[in-house]
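I have placed the structure first, in the form of structure tokens, so that the comments after it can refer back to it.
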Ligand SMILES: *[C@@H]1O[C@H](CO)[C@@H](O)[C@H](O)[C@H]1NC(C)=O
Ligand SMILES: *[C@@H]1O[C@H](CO)[C@@H](O)[C@H](O)[C@H]1NC(C)=O
Ligand SMILES: [Ca+2]
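In mature numbering (1 follows the signal peptide of the UniProt record, and there is no 0), the protein residues as written are -21 to -1, 1 to 321.
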């Protein structure tokens, strides 16, 4: 066997069974058809036996599920019918965003969901606000940046974003997505992703393992995942629904889902880990550990502003202190001198 075949062989074996080791934990992955959407989209949007249901302007063709066409004021979604009770999973999203509009004259993007609610309409990429669960957004229009630009303001180069921007958010039913600010106040993290009007295939990867949320993208046609965000301590309840949605406003794009592939991950846990997990209470409301801390780390400009404020304050206090001491010492000295004269 030539060298290359060995590799192919090894690859096949690896794919078929025990696959990759991560954090020294081995994982096994299985495609779960009931939570996956792929060609030929049999019965999607027509048969009630299908695992997927369409909403709004979404349409199925032979090549894709088109959430919205490249027309103004459309909104569409596709939602899984079955709640997902897996502990660890991974979703690979094959999508395509394309349209006539020039750069930044297109909108608004699409969202991938794992939420308690399903088939709702609303302002968050076509889904309801105050959703409960996880949303991963591919935001193609910089609402806030455009707004600032109109006021001749801008973010510092460090905090400025280039759109399209991929962003993740966890909602608990009472956290609102701020569309005008592109979700900055509630984001867990994100990354830039130039995904529009590309020839090659574009993929988004969302992995949820041991309460760690990892998002990666593959948009360069290199078949390589690029890190986007990686956050531990993300608590998501079981039994939520997968979905994808999109909306267009004054600006538009074709927002297509080619496939959603959901893999069950079997993570091998040590005895101790298993016991620990059994002891913990079941998660009922989504949350993120140390979310406030996470936010603090993100608004670095605010932090340095505060730091400068305190630095100036303390130096001024220090200076005043020195002046007072100086005056006291001086007046003592003068007094002593006066005493000596008389
Ligand atoms: C949702 O999160 C917000 C912000 O962290 C918090 O103030 C609120 O109490 C949470 N709501 C529930 C139902 O947990
Ligand atoms: C979302 O939650 C916020 C804060 O809890 C509330 O002010 C707002 O009215 C809610 N919006 C919707 C659409 O329920
Ligand atoms: Ca936006």
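From the three backbone atoms N, C-alpha and C, an ideal C-beta is built for every residue, glycine too.
Separation of residue 115 and residue 39 (C-alpha to C-alpha, rounded to the nearest whole angstrom) is 22 angstroms. Taking a cut-off of 8 angstroms for Cβ pairs, the stretch 83 to 102 and the stretch 131 to 138 do not touch, as fewer than three such pairs fall below it. In this chain, the alpha helix (DSSP H) harbouring residue 125 covers 122 to 129. The C-beta separation of residue 113 from residue 149 comes to about 6 angstroms, placing the pair in contact by the 8 angstroms criterion. Following the DSSP letters along the chain, one finds residue 69 inside the beta strand (DSSP E) bounded by residues 68 to 77. Selection around ligand 2 by beta-carbon proximity, strictly under 5 angstroms to any non-hydrogen atom, yields 108, 109, 153 and 155 in chain order. If you check the CB distance, residue 174 and residue 264 do not come in under 8 angstroms. Residue pairing of residue 57 in beta bridges, as defined by DSSP: 33 and 223. In the DSSP assignment, residue 92 is bridged to 114 and 222.
The continuous beta strand (DSSP E) containing residue 243 extends over residues 233 to 246. DSSP places residue 83 in the coil class of the three-state scheme, outside both helix and strand. Listed in chain order, the beta strand (DSSP E) runs fully inside the stretch 143 to 172 are 144 to 151 and 168 to 171, counting runs of at least 3 residues. Collapsing the DSSP output to three states places residue 23 in coil. In the structure shown, residue 7 falls within a strand segment according to DSSP collapsed to helix, strand and coil.
Leaving aside the five residues that flank residue 52 on each side, the residues in its chain whose CB is nearer than 7 angstroms to its CB run, in chain order, 227 and 228. Of 152, 171 and 147, the smallest CA-CA separation from residue 165 is found for 147. Ligand 3 has no heavy atom closer than 7 angstroms to the beta-carbon of residue 83. Environment of ligand 3, chain-ordered: 118, 120, 122 and 161, taking every residue with Cβ within less than 5 angstroms of a heavy atom.
If you look at residue 208, you'll find it in the beta strand (DSSP E) that goes 205 to 210. Apart from sequence neighbours up to five positions away, the residues of its chain that approach residue 34 with a beta-carbon distance below 6 angstroms are 56 and 98, ordered along the chain. For residue 41, the closest C-alpha among the options 24, 54 and 49 is that of 24. Residue pairing of residue 47 in beta bridges, as defined by DSSP: 234.
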